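Residue numbers (the UniProt record's numbering): 1 to 350.
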Amino acid sequence: TSISTMATESVEPVVVPPPASSGPEEDDTTAVPTTTTTSSPTAIADDASSATSKDHQQQRTVSTASPDSDNEEDGHAMELALLQEMIHDREKRMKHIERTTTKLENKLERCRVHLSETEMKANEARTEANHVLHTFKQRIIKSSKYLGELEANVRKSSGSLDNEKEYDKMIKNMNKQRCSEDEVYDFVRKSQSQLCKAMHAMGILEHQLEIIKDHSESLIKSFKEKLNGLLEEKSMVELKMMNQLMSEDQERKQLQAKVDSLDKQHLTQLDVWQQSMTSLRQLQLAAHQHDDQKEEESDYDSEEEIDEDLLREIIDERKEDVQELESLAKTQQQQIQELQDRLAELNRIS
Numbered sequence: 001t002s003i004s005t006m007a008t009e010s011v012e013p014v015v016v017p018p019p020a021s022s023g024p025e026e027d028d029t030t031a032v033p034t035t036t037t038t039s040s041p042t043a044i045a046d047d048a049s050s051a052t053s054k055d056h057q058q059q060r061t062v063s064t065a066s067p068d069s070d071n072e073e074d075g076h077a078m079e080l081a082l083l084q085e086m087i088h089d090r091e092k093r094m095k096h097i098e099r100t101t102t103k104l105e106n107k108l109e110r111c112r113v114h115l116s117e118t119e120m121k122a123n124e125a126r127t128e129a130n131h132v133l134h135t136f137k138q139r140i141i142k143s144s145k146y147l148g149e150l151e152a153n154v155r156k157s158s159g160s161l162d163n164e165k166e167y168d169k170m171i172k173n174m175n176k177q178r179c180s181e182d183e184v185y186d187f188v189r190k191s192q193s194q195l196c197k198a199m200h201a202m203g204i205l206e207h208q209l210e211i212i213k214d215h216s217e218s219l220i221k222s223f224k225e226k227l228n229g230l231l232e233e234k235s236m237v238e239l240k241m242m243n244q245l246m247s248e249d250q251e252r253k254q255l256q257a258k259v260d261s262l263d264k265q266h267l268t269q270l271d272v273w274q275q276s277m278t279s280l281r282q283l284q285l286a287a288h289q290h291d292d293q294k295e296e297e298s299d300y301d302s303e304e305e306i307d308e309d310l311l312r313e314i315i316d317e318r319k320e321d322v323q324e325l326e327s328l329a330k331t332q333q334q335q336i337q338e339l340q341d342r343l344a345e346l347n348r349i350s
């Protein structure tokens with residue numbers, strides 16, 4: 001837009017003012033009569049004719065040069081408009097990249113929270129398993145004590161039924177006293193009945209002891225199997241939790257590294273954009289200065305051509321910068337898509 005205004009303003013001075021009008025040429029035409037008030041009228045006519053011939057030559061030069069300058073300035077205006085559109089698209093893409101980075105940071109924070117929750121669950125599972133193991137050990141100790149007490153009671157009862165010494169004493173006393181046969185038979189019957197009772201009690205106690213031993217052995221065996229199962233389950237859960245924690249920690253580190261790299265690239269791109277914007281502002285200032293200089297000095301055509309070449313070179317450099325920024329944006333978009341896929345996999349695993 002600045003170059004188009006520059007073109008329009010450069011074309012406006014084509015109309016040559018009359019000799020009586022005010023302007024930069026009036027000084028040249030009026031200077032002659034002020035200094036030559038005493039000169040002849042023929043000299044004044046010659047000066048006027050020379051001034052009109054100069055004006056006609058300037059009109060011809062400007063009229064011949066105006067179409068080419070209009071075309072070049074229109075081309076520059078089109079290039080600047082395209083460059084501004086590309087910069088606007090770049091800014092939109094950079095905003096999209098910032099949104100995606102914020103989303104990734106939020107997902108990373110969620111992964112950290114999930115990791116802390118899994119660690120808390122693992123610790124709770126460990127404490128529960130330790131509690132169950134402690135209770136089973138206490139039960140085994142109590143059952144072993146109860147079995148020992150039963151064996152001691154059985155041994156005591158069997159010792160109390162063993163009364164051989166008392167029977168020997170009774171027989172010896174009977175021989176000394178010379179009891180009758182009826183008394184002997186009664187004593188034998190009593191002893192036989194007591195012996196039968198003792199044998200019966202012994203059989204019952206032995207049977208109960210065998211039942212208690214079988215039951216205690218089955219309990220001990222079941223407790224041992226449960227204990228082994230719990231230990232295996234505990235080890236498997238701990239191994240699984242450790243593997244999961246390691247994998248999630250690695251994924252978290254990778255995501256953090258990629259987010260940091262994206263932030264660095266984003267900062268570098270922002271610096272590049274700032275530099276490009278400053279250069280564009282400098283271009284616009286240079287174009288305005290060029291317009292001012294063109295209004296004041298119309299004889300420096302060679303300098304104008306040099307400035308136009310510089311503008312073209314700067315615009316080409318900005319196009320190359322824009323292409324590089326487009327390639328960087330594409331690579332960042334691919335990296336962001338990969339990070340989103342990995343985060344989705346982590347969410348599925350959790």
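Glycine included, every Cβ here is placed at the ideal spot set by N, Cα and C.
Model, not experiment: these values are computed from the prediction.
Assigned exposure category for residue i - 16 Cβ within 10 Å defines buried
i: Arg90; result: buried
i: Leu267; result: exposed
i: His76; result: buried
i: Leu80; result: buried
i: Glu117; result: exposed
i: Glu73; result: buried
i: Leu255; result: buried
i: Gln269; result: buried
i: Asp186; result: exposed
Top-ranked residue by Cα proximity to residue i, from the options
i: Lys253; options: Cys111, Ser191 and Thr101; result: Cys111
i: Asp134; options: Leu205, His76, Ile204 and Leu227; result: According to the sequence displayed, residue 134 carries His and not Asp. The shortest Cα separation from His134 among Leu205, His76, Ile204 and Leu227 belongs to Leu227.
i: Leu115; options: Gln244, Met78, Ala257 and Val272; result: Gln244
i: Lys330; options: Met78, Gln84, Met94 and Leu83; result: Met94
i: Glu109; options: Asp249, Lys213 and Glu338; result: Asp249
i: Gln265; options: Leu328, Thr278 and Leu219; result: Leu328
i: Glu128; options: Leu239, Lys221, Glu233 and Lys190; result: Glu233
i: Glu324; options: Ser276, Leu285, Asp341 and Gln335; result: Ser276
i: Met120; options: Glu320, Gln274 and Met241; result: Met241
i: Ala125; options: Glu238, Ala257 and Arg189; result: Glu238
i: Ala122; options: Ser235, Gln289, Asp341 and Ala257; result: Ser235
For residue j and residue i, the rounded distance between their alpha carbons
i: Glu313; j: Leu283; result: 12 Å
i: Ala198; j: His207; result: 14 Å
i: Ile87; j: Ser261; result: 23 Å
i: Asn71; j: Glu105; result: 51 Å
i: Glu317; j: Glu251; result: 40 Å
i: Glu338; j: Lys107; result: 14 Å
i: Leu231; j: Ile204; result: 40 Å
i: Ile97; j: Asp271; result: 15 Å
i: Glu217; j: Gly229; result: 18 Å
i: Glu149; j: Lys142; result: 11 Å
i: Met202; j: Leu209; result: 10 Å
i: Thr278; j: Lys92; result: 19 Å
i: Asp200; j: Lys137; result: What sits at residue 200 in the sequence shown is His, not Asp. Going by the C-alpha atoms only, they are around 37 Å apart.
i: Gln335; j: Val113; result: 24 Å
i: Thr101; j: Val259; result: 7 Å
i: Ile140; j: Ile220; result: 7 Å
i: Lys145; j: Asn130; result: 23 Å
i: Ser193; j: Ser222; result: 43 Å
i: Glu320; j: Leu83; result: 11 Å
i: Leu285; j: Met78; result: 18 Å
i: Ser247; j: Ile212; result: 52 Å
i: Leu195; j: Arg189; result: 10 Å
i: Lys103; j: Asp341; result: 13 Å
i: Ala257; j: Glu85; result: 33 Å
i: Lys224; j: Arg99; result: 58 Å
i: His215; j: Ser191; result: 36 Å
For residue i, the three-state DSSP class (helix, strand or coil)
i: Gly23; result: Note that Gly23 has pLDDT 41, beneath the 50 cutoff, so the model's placement of it is unreliable and the number below is only indicative. In this structure, Gly23 counts as coil in the three-state DSSP scheme.
i: Glu324; result: helix
i: Thr34; result: Low confidence applies to Thr34: its pLDDT is 38, below 50, so where it sits in the model is not reliable enough to give any reading.
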